[in-house]
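Single-structure report; data block below.
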Amino acid sequence: MSTIENLKEMERLATVLMKTAESPETKYHIGMLLQLFGKEAEKFGKLNQALSDELAELEALREFIKMQGLQANFESYKKLESR
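Going by the numbering used here, the first residue of the sequence shown is number 3, and it counts up by one from there.
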């Protein structure tokens, strides 16, 4: 399961527990747990978007290198760096 799927499943389970909980204190704690899940899911979404943006920029740079005919220069540079 992916992290997003795990977060969704945890939220679903906490919601089921909240509906079956007897005491108000239990419902309160499960509600707090749901809030934390929501906050973490939001952070994960922002991180995922930032990584996607970075990958898109890298792909644009790769295409620029190819369009400018600089691929051979870049390959030579990578070989020098690996030594």
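Don't be surprised by glycine CBs; every beta carbon is placed ideally from N, CA and C.
* Under 8 angstroms between C-beta atoms of M3 and F39 -> no
* To do: Note down the Cα distance separating F66 from K41, rounded to an integer number of angstroms.
  => 38 angstroms
* For I32, count neighbouring Cβ atoms within 10 angstroms of its own Cβ and tell me buried if that reaches 16, exposed if not. => buried
* Expressed to the nearest angstrom, what Euclidean distance is found between the alpha-carbon atoms of M20 and T5? -> 22 angstroms
* Provide the residue span of the alpha helix (DSSP H) that contains L72, from first to last. => Segment: none, L72 is in no alpha helix (DSSP H) and carries neither H nor E.
* Can you say whether A16 is buried or exposed, counting buried as having 16 or more other CB atoms within 10 angstroms of its CB? => buried
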